[in-house]
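**Student:** Quick one: the structure is below, questions incoming.
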Amino acid sequence: MRPGVVRGWCPGAHRPMASGDGLIMRVRPRLARLTADQALGLCDLARRFGSGVIDLTSRANLQLRGLAEADHAPMLRGLAALDLLDPDPEVEGRRNILVAPDWAPGDLTDRLWHALVAALPDLPELPAKMGVAVDTGDAPILTDASADFRLERSATGLILRADGAELGRPVTESTAIPALTQMAEWFVDTGGAEAGRMRRHLATTALPDLWTTGAPLPDRAPFAPGATGLGPVYGAAFGQVQADALAALIRASGATAIRVTPWRLFVLEGALSIPAPGFVTDARDPILTTHACPGAPLCPQAQIETQALARHLAGRVNGTLHVSGCEKGCALPRAADLTIVGRDGAHDLVRGGRPWDEPSLRGLTGAALTDAMP
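Position one of the sequence shown corresponds to residue 1100 (the numbering used here), numbered consecutively onward.
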């Protein structure tokens, strides 16, 4: 089985992507944070120009769905008025930067993020899906999130680690960004563009020995629904939020800002913990370990409806469940305990693998699919 047709870029604000329900625009909030006014403004734009659905992405970005071509320009003007748009499309396309969501103003993560943004024009041209994780809190928390270059803590300081390598290169705050630039240049010079991502490139190409000497600290658990020092954390099933519901929650809770995470969760800064119908509030909810893409008919490549099936099966799998509309695996591009893949309107089952791996069962429908479940 081979991967489906994967586009070599992600939708941006300046460069939206066509889907089954219209255009998809991606908004990259700076440091994955929006003020309450920005978030409420974004919800209004999603309702006025789109379907009213906002996706939380695995890179802590936000996607607005269902836009018409004619509404693209008004949407850009609305984002610019909210200070949620990079004027330069090239800068926006390069700003694929994840940050640990519990950063504080002026801390190391904040400082490195700003230094990296300033250095983006100096980086070589990289494949569009490549990104950086600034994961410099007390211990790494973004280990399973999508990134190719990782700034992390070690027992003695900072390291720069290439995704897919167990060890990294010791750096300091002042040398971290120059070292990252050097690693990006190495990636390009050694033919990494053909592989497209750092992990795939390292499967055939060895890093310089001096870049693999420092071990990251053991990682810490990602956020979960519940109280934190920043404010309450809420989840969104399959990463999809209704703009009306999010706006109502922000207003009712008194939140001053919202932080987006890579785990289909968001933090409401300074908010009261209040009931939130339609959101995930229990860390034990099996929907948090259940993954599904939008599916048919929203995605033209999807060959089955996904989310209703995923909701029906949530909790029946001991571990992670992934319902993927096709072999691309957009919702979870890595192994799950059980993956259901759409093929010609039927379902293939992959146990302990990825959507493009060889299935153990093929062409299941109806009762046959139910009987094959654990």
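For glycine and all other residues, C-beta sits at the position ideal for the given N, C-alpha and C.
Do residue 1455 and the ligand SAM come close, with the Cβ less than 6 Å from some heavy atom?
**Tutor:** Looking for the ligand SAM in the displayed structure turns up nothing, as the structure carries no ligands at all.
**Student:** Among 1329, 1373, 1360, whose alpha-carbon lies nearest the alpha-carbon of residue 1350?
**Tutor:** Numbered from 1 along the sequence shown, position 251 holds the residue referred to as residue 1350. If we check each option's Cα against that of residue 1350, 1373 comes out closest.
**Student:** So, is residue 1104 buried or exposed, given that buried needs 16 or more other C-beta atoms within 10 angstroms?
**Tutor:** Working through the sequence shown from its first residue, we reach residue 1104 at position 5. For residue 1104, the pLDDT reaches just 46, beneath the cut-off of 50, and the residue's location in the model is therefore unreliable, leaving the point undetermined.
**Student:** Are three or more beta carbon pairs between the stretch 1329-1341 and the stretch 1247-1266 nearer than 8 Å?
**Tutor:** Output reads no: the stretch 1247-1266 does not touch the stretch 1329-1341.
**Student:** Counting Cβ pairs closer than 8 Å, one from the stretch 1435-1454 and one from the stretch 1389-1409, do we hit at least three?
**Tutor:** With a cut-off of 8 Å, the stretch 1389-1409 and the stretch 1435-1454 count as touching, because enough Cβ pairs lie within range.
**Student:** Taking the beta strand (DSSP E) that residue 1251 falls in, what are its first and last residues?
**Tutor:** The residue given as residue 1251 occupies position 152 in the sequence shown. It spans 1248-1252 - the beta strand (DSSP E) in which residue 1251 sits, taken as one unbroken run.
**Student:** Buried or exposed: which applies to residue 1187, given that a residue is buried once 16 or more other Cβ atoms fall within 10 Å of its Cβ?
**Tutor:** Working through the sequence shown from its first residue, we reach residue 1187 at position 88. Per the 10 Å Cβ criterion, exposed.
**Student:** Please name the residue, chosen from 1158, 1138, 1168, 1307, that lies closest to residue 1286 on a Cα-to-Cα basis.
**Tutor:** Sequence index remark: in the sequence shown, residue 1286 carries index 187 (1-based). Here the closest residue by C-alpha is 1307.
**Student:** Curious, which full-length alpha helix (DSSP H) runs of at least 4 residues does the stretch 1320-1368 contain?
**Tutor:** Segments of the alpha helix (DSSP H) lying fully in the stretch 1320-1368: 1342-1352.
**Student:** Could you have a look at residue 1389 and say whether DSSP puts it in helix, strand or coil?
**Tutor:** Counted from its first residue, the sequence shown places residue 1389 at position 290. Three-state DSSP puts residue 1389 in a strand.
**Student:** Quick check on residue 1406: does DSSP put it in helix, strand or coil?
**Tutor:** Start at 1 with the first residue of the sequence shown, and residue 1406 comes out as number 307. Note: residue 1406 maps to helix in three-state DSSP.
**Student:** Using DSSP with H/G/I as helix, E/B as strand and the rest coil, what is residue 1263?
**Tutor:** In the sequence shown, residue 1263 corresponds to position 164, counting from 1. Coil.
**Student:** By Cβ distance, which residues of its chain are closer than 7 Å to residue 1238, with the 5 residues on each side in sequence left out?
**Tutor:** Taking the sequence shown and counting its residues from 1, the one referred to as residue 1238 is at position 139. So the list reads 1252, 1316, 1317, 1318, 1319, once near-sequence residues are dropped.
**Student:** Hey, how far is the Cα of residue 1110 from the Cα of residue 1364?
**Tutor:** Position 11 of the sequence shown, counted from the start, is the residue given in the question as residue 1110. Position 265 of the sequence shown, counted from the start, is the residue given in the question as residue 1364. Cα to Cα, the separation comes out at about 21 Å.
**Student:** Quick one: which unbroken alpha helix (DSSP H) runs of 4-plus residues sit fully inside the stretch 1127-1166? Chain order, please.
**Tutor:** Whole alpha helix (DSSP H) segments, 4+ residues: 1135-1148.
**Student:** Nearest CA to the CA of residue 1464: which residue from 1217, 1181, 1277, 1408?
**Tutor:** What you label residue 1464 is simply residue 365 of the sequence shown in a count that begins at 1. Selected option, being the one with the closest Cα: 1408.
**Student:** Does the structure place the stretch 1161-1181 close enough to the stretch 1210-1217 that three or more beta carbon pairs sit under 8 Å?
**Tutor:** No, the stretch 1210-1217 does not touch the stretch 1161-1181.
**Student:** Given that a residue counts as buried once 16 or more other Cβ atoms are within 10 Å of its Cβ, and exposed if not, what is residue 1245?
**Tutor:** In the sequence shown, residue 1245 corresponds to position 146, counting from 1. So residue 1245 counts as buried.
**Student:** Could you have a look at residue 1463 and say whether DSSP puts it in helix, strand or coil?
**Tutor:** Position 364 of the sequence shown, counted from the start, is the residue given in the question as residue 1463. If DSSP states are grouped into helix, strand and coil, residue 1463 belongs with the strands.
**Student:** Is it true that the stretch 1225-1234 meets the stretch 1199-1213, where meeting means three or more beta-carbon pairs spaced less than 8 Å apart?
**Tutor:** Contact between the stretch 1225-1234 and the stretch 1199-1213 is present, because at least three Cβ pairs lie under 8 Å.
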